[in-house]
Ligand SMILES: [Mg+2]
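Numbering (this note's numbering), first residue to last: 353 to 595.
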């Protein structure tokens with residue numbers, strides 16, 4: 353019934369592609385994420401890293417590339433690196449469950465977006481797909497997102513390049529039209545940059561280390577303290593759908 357009402361109300365199409373970042377947008381990983389990079393690095397090199405991985409919206413490809421450069425070590429081929437990351441992630445599912453948390457309002461907001469008949473709600477994350485799944489499943493968020501059409505850390509080095517990857521997957525597999533608007537939801541200036549560089553909308557959330565002022569300075573016109581106001585987030589997304 354709901355779908356029929358929507359189709360009637362929005363004949364002509366109010367399609368929208370919503371792409372969520374994971375870390376510090378949907379979940380607080382409580383440091384487990386940095387432990388995954390350290391463990392993968394140790395597994396690949398036989399030594400613990402001397403400094404923690406720099407993350408903040410970087411893709412896994414870039415994070416690992418930079419770690420190897422910083423340690424003056426050659427980087428193994430990507431398939432080997434991705435396997436080490438996935439293994440380290442899988443081993444930390446319980447750590448994530450125990451120490452981490454879904455951020456305020458996230459479950460309700462993802463649920464509300466997932467039932468909008470003409471919207472596709474997926475991920476745009478620097479995490480490799482296996483670890484994205486681990487991080488979401490730790491808090492039972494994975495059923496609320498359309499994971500197969502998302503873009504992940506293996507798909508590109510630079511975050512803005514992930515937008516086209518997700519858009520193509522959504523168009524190909526979900527029959528969304530080619531000019532459907534995309535909105536990113538993320539917590540870092542790199543999320544904002546990815547949106548601005550690709551003509552996407554951005555809802556920036558200050559649930560990471562960046563303040564609302566910093567996210568605005570990075571170019572985000574819509575900045576929220578968090579995702580706790582589900583009705584407000586839904587309303588904002590609807591304005592992007594109507595553009
Ligand atoms: Mg993030």
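A virtual CB, placed ideally from N, CA and C, is assigned to each residue, including glycine.
Cβ-based burial, residue 398 [other Cβ within 10 Å; buried from 16]: exposed
C-beta atoms of residue 535 and residue 560 nearer than 9 Å: no
CB of residue 405 within 9 Å of CB of residue 390, strictly: yes
Rounded separation between residue 436 and residue 412 - CA only: 12 Å
Beta-carbon contacts of residue 512 that lie in its chain and below 7 Å, excluding the five residues immediately before and after: 545, 546, 549 and 550
Reduced DSSP secondary structure (H/G/I, E/B, other) of residue 379: strand
N-terminal and C-terminal residue of the alpha helix (DSSP H) that residue 415 is part of: 412–422
Buried or exposed by the 16-neighbour rule on C-beta atoms within 10 Å, applied to residue 356: Because residue 356 sits at a pLDDT of 43, beneath the cut-off of 50, its placement in the model cannot be relied upon, and the point is left open.
Three-state class that DSSP yields for residue 453 in the structure shown: strand
Continuous alpha helix (DSSP H) stretch holding residue 390: start and end: 384–397
Residue 503 in three-state terms, based on DSSP: strand
Contact check, residue 384 vs residue 448, beta carbons under 9 Å: yes
Neighbourhood of residue 501 by C-beta, 7 Å cutoff - its chain only, sequence neighbours within 5 removed: 472, 474, 518, 521, 522, 525 and 526
3-residue-minimum beta strand (DSSP E) runs that sit fully inside the segment 504–572, ordered along the chain: 534–538 and 553–557
Exposure of residue 401, with buried meaning 16 or more beta-carbon neighbours within 10 Å: buried
Any heavy atom of ligand 1 within less than 7 Å of residue CB: hits in chain order: 373, 374, 375, 376, 377, 409, 538, 539, 540, 543 and 560
Sequence-distant residues of the same chain with beta carbon closer than 8 Å to residue 683, five excluded per side: With the chain represented from 353 up to 595, any question about residue 683 goes unanswered, as that position is not in the structure.
N-terminal and C-terminal residue of the beta strand (DSSP E) that residue 473 is part of: 471–475
Other residues of its chain near residue 572: CB distance less than 7 Å, five sequence neighbours each side excluded: 544, 554 and 556
Residue 480, enclosing beta strand (DSSP E) - first and last residue: Counting along the chain, residue 480 falls outside any beta strand (DSSP E), and DSSP gives it neither H nor E.
Through-space distance from residue 590 to residue 625, alpha-carbon basis: Past the edges of the chain, shown from 353 to 595, lies residue 625, and the structure says nothing about it.
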